[in-house]
Amino acid sequence: MRVECSVSKINFHRTFKKVSQLRAYLPDTARGREPQIAWYLERYPAIFIKPNGGGRGIGVTKAWKKGALIYYVKEKGTPRTANSVRSLSKQLGLKKNPHIVQQAIHLAKVDGRPFDIRLMMMRDQLKRWKYIGMIAKVAGNQSVITNVARGKGYVMSIDHALQKSLGLTGARASEKKNEMIRLAKVCTRIYSKSRYDWQIGYDLAIDKDGKVWFIEINPTVPAHGLFRNETSTYRRIKQIAAFHKRQK
Numbered sequence: 027m028r029v030e031c032s033v034s035k036i037n038f039h040r041t042f043k044k045v046s047q048l049r050a051y052l053p054d055t056a057r058g059r060e061p062q063i064a065w066y067l068e069r070y071p072a073i074f075i076k077p078n079g080g081g082r083g084i085g086v087t088k089a090w091k092k093g094a095l096i097y098y099v100k101e102k103g104t105p106r107t108a109n110s111v112r113s114l115s116k117q118l119g120l121k122k123n124p125h126i127v128q129q130a131i132h133l134a135k136v137d138g139r140p141f142d143i144r145l146m147m148m149r150d151q152l153k154r155w156k157y158i159g160m161i162a163k164v165a166g167n168q169s170v171i172t173n174v175a176r177g178k179g180y181v182m183s184i185d186h187a188l189q190k191s192l193g194l195t196g197a198r199a200s201e202k203k204n205e206m207i208r209l210a211k212v213c214t215r216i217y218s219k220s221r222y223d224w225q226i227g228y229d230l231a232i233d234k235d236g237k238v239w240f241i242e243i244n245p246t247v248p249a250h251g252l253f254r255n256e257t258s259t260y261r262r263i264k265q266i267a268a269f270h271k272r273q274k
């Protein structure tokens with residue numbers, strides 16, 4: 027099965043929700059209109075409001091309801107408040123550009139900071155999709171995003187992150203990594219976007235109970251530099267990228 031899928035977050039979610047192997051891994055997601063935001067705030071302990079077509083953590087807001095007030099953090103910092111969803115929408119300028127609302131996952135943490143995972147798939151010199159590597163992205167201080175540059179966070183090896191957050195080592199850690207690799211391969215088989223079809227960076231997450239989640243797809247600029255400290259992985263990424271640039 028191959029599906030033509032826009033890189034907009036809502037289309038990504040709708041496309042992959044049709045696939046039985048992926049459905050249980052996707053956080054609940056809808057268009058970020060005021061009625062949907064109000065419903066999500068009642069249903070979930072916390073939500074994310076994200077630009078539909080954005081990336082790098084720009085404009086991402088975490089919100090939650092406590093009593094009569096809505097608390098929110100846009101990217102990083104101390105929480106602010108709104109007394110209604112309409113007020114929140116105005117403060118965030120949600121009507122200027124399309125947004126989505128998404129169930130917030132209670133992420134596993136390293137030293138008290140949440141992390142997610144960037145997993146790279148690339149076409150090799152024979153145009154075959156290959157798993158390249160994965161890296162943990164740890165959120166910066168007071169940040170609700172894991173984008174390393176924007177949220178002032180840092181990267182660490184996936185093995186170190188699994189051990190520090192959930193105590194997973196050896197076979198248990200390998201099982202969790204293999205689960206994420208299998209999911210990425212399923213997504214890669216169904217995703218088709220000809221202009222950027224030689225590299226895809228997937229953002230995945232693991233919650234505090236060890237469940238894997240699929241967050242979003244990065245087919246345009248999947249931040250090769252995140253892997254700079256993983257010497258062999260980074261070298262392979264640069265070699266494959268150089269090959270594809272020569273083909274243009």
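Numbering-wise (the numbering used here), the sequence shown opens with residue 27 and increments by one. Every residue, glycine too, gets a C-beta built ideally from N, C-alpha and C. In this text the structure is predicted, and so the values were computed from the model without any measurement.
Note: I73 is bridge-paired with A89, Q129 in the DSSP secondary-structure output. Within the DSSP bridge table, the entry for M206 names no partner. By the criterion of at least three beta-carbon pairs nearer than 8 Å, the stretch 33-47 is not in contact with the stretch 200-207.
Distances from the CA of W224 to each of L152, L188, H186, Q168 were compared; the closest alpha carbon is that of L152. In the three-state reduction of the DSSP assignment, A268 falls in the helix class, which pools H, G and I.
For the 8 Å CB-CB criterion, I75 and D233 do not form a contact. Apart from the 5 residues on each side of it in sequence, E60 sits with its Cβ closer than 7 Å to the Cβ of V111, R112, S115 in its chain, given in chain order. Rounded to whole angstroms, the Cβ separation of V86 and V170 is 7 Å, and the two are in contact under 8 Å. Y260 is bridged by DSSP to nothing; it lacks a bridge partner. Under the Cβ criterion (8 Å, minimum of three pairs), the stretch 115-125 does not count as touching the stretch 139-157. For the options P77, A72, T104, the alpha carbon positioned closest to that of K92 is the one of A72. With respect to I63, I126 sits apart: the two C-beta atoms are not nearer than 8 Å. The three-state reading of DSSP puts S169 in strand, counting E and B together. Excluding the 5 residues flanking it on each side, A94 has same chain C-beta neighbours closer than 8 Å at N109, in chain order. Counting only the Cα atoms, E242 lies some 6 Å from Y228.
CA-to-CA, the gap between I158 and T107 works out to about 42 Å. Per DSSP, the continuous alpha helix (DSSP H) segment holding I184 begins and ends at 184-192. Counting other Cβ atoms within 10 Å of its Cβ, A50 stays below 16 and is therefore classed as exposed.
Ranked by Cα distance from A162, the options R154, T195, S191, Q168 are led by S191.
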